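For reference, each letter of the sequence shown is one residue, going 2 to 220 in our numbering.
For reference, the structure discussed in these notes is given below.
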Amino acid sequence: MFFTDVIMLIMTAAFMAAVYFFVFCYRRASWPKSVVKTLSVLLLAIAGWLGGAAWLLIAALCLSALGDYLLSRDQDRLFLAGVGAFAAAHIAYVFLFFTTSGAGGYQLSAMDWKIIAGLMGFGLIMMTLLYKHAGDLRIAVCLYVPIILAMGVSALMIPGGYLGVVIAAFLFMVSDSVLAAEMFLLRENHPLRRITPFVVWSTYWLAQVGFLLGYPVGL
């Protein structure tokens, strides 16, 4: 029974994500858009809860769903709250990764260190650009950068067998980076804005379902 319930919830979440991708992600704020976007991740959290997933994973998915709702309303007064919800979700993921069995004794390889160095360099460039172009929000968005980087680096420290989680972490970083570029760096009529909503949503939702499926959930 639980198996069927979990599978149905994940499939429904995937359907919602597809609807959002094809119908809503490039449109202005609306209540149907907010409902579909929020449910596409909240249902993953419920699936994780029914499947016995780690509470940190469930918390991260719930916080992400809250962030989705707040940002989907496209209101300035809710923007920082949405950013805060996603920052808290990333922190929950960091703790989840660090508390994964074997993570504490994992030895980073030379390639891992090169990836980390590349991430640090990319983060520094993004913080510099965002500080110049994010206006009154520069402090908040610049503080968000090291949090998302911490999530990516901590994913690298998970022992073997969690490749899907590592891939999901990097998809999440891609999503956040493209969203930041769309919001603060690309001019209003830039041709890339035609595809950025699709890139942001697809990489983001695949990251979330990747986290859920990458950890044992009682299936």
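Backbone N, C-alpha and C define an ideal beta-carbon position, used for all residues, glycine too.
All values reported here derive from a predicted model rather than from experimental measurement.
Asked, Found
"Give the DSSP-derived three-state secondary structure of His-91 in the structure shown.", "helix"
"Look at the Cβ atom of Ile-59, then the Cβ atom of Ile-148, and state whether they are nearer than 8 Å.", "no"
"Going by C-alpha to C-alpha distance, which of Leu-71, Phe-173 and Ala-181 sits closest to Thr-1?", "No statement about residue 1 is possible, as the shown extent of the chain runs from 2 to 220 and does not include it."
"Is Ala-118 helix, strand or coil by DSSP?", "helix"
"I'd like the list of long-range same chain contacts for Gly-219, defined as Cβ closer than 6 Å, with 5 residues on each side in sequence excluded.", "Its pLDDT being 43, under 50, Gly-219 is placed unreliably by the model, and the measurement read from it follows with that caveat. Counting only Cβ-Cβ distances below 6 Å, and skipping sequence neighbours, we find Gly-52 and Gly-53."
"Distance, Cα to Cα, Tyr-157 vs Ser-102?", "Looking at the sequence itself, residue 157 is Leu, so the reference to Tyr does not match. Approximately 14 Å, taken between the alpha carbons."
"Could you spell out where the alpha helix (DSSP H) holding Asp-137 opens and where it closes?", "It is not in any alpha helix (DSSP H) - Asp-137 carries neither H nor E in the DSSP assignment."
"Would you mind giving the Cβ-Cβ distance between Leu-213 and Gly-83, rounded to the nearest angstrom? I have them listed as a contact below 8 Å.", "No, Leu-213 and Gly-83 are not in contact; Cβ-Cβ is about 21 Å, not under 8 Å."
"Let me check understanding here. Comparing Cα to Cα, which of Ala-15, Asp-6, Thr-5 and Leu-10 lies closest to Ser-203?", "Ala-15"
"If you measure between the beta carbons of Val-95 and Ser-176, is that distance less than 8 Å?", "no"
"So for Ala-182, helix, strand or coil by DSSP?", "helix"
"Which whole-angstrom value describes the C-beta separation of Arg-29 and Asp-75, a residue pair presumed to lie in contact below a C-beta threshold of 8 Å?", "7 Å"
"Mind listing, in chain order, the continuous alpha helix (DSSP H) runs of no fewer than 4 residues lying wholly within the segment 45-99?", "56-73 and 77-99"
"By Cβ distance, which residues of its chain are closer than 7 Å to Asp-113, with the 5 residues on each side in sequence left out?", "Leu-157"
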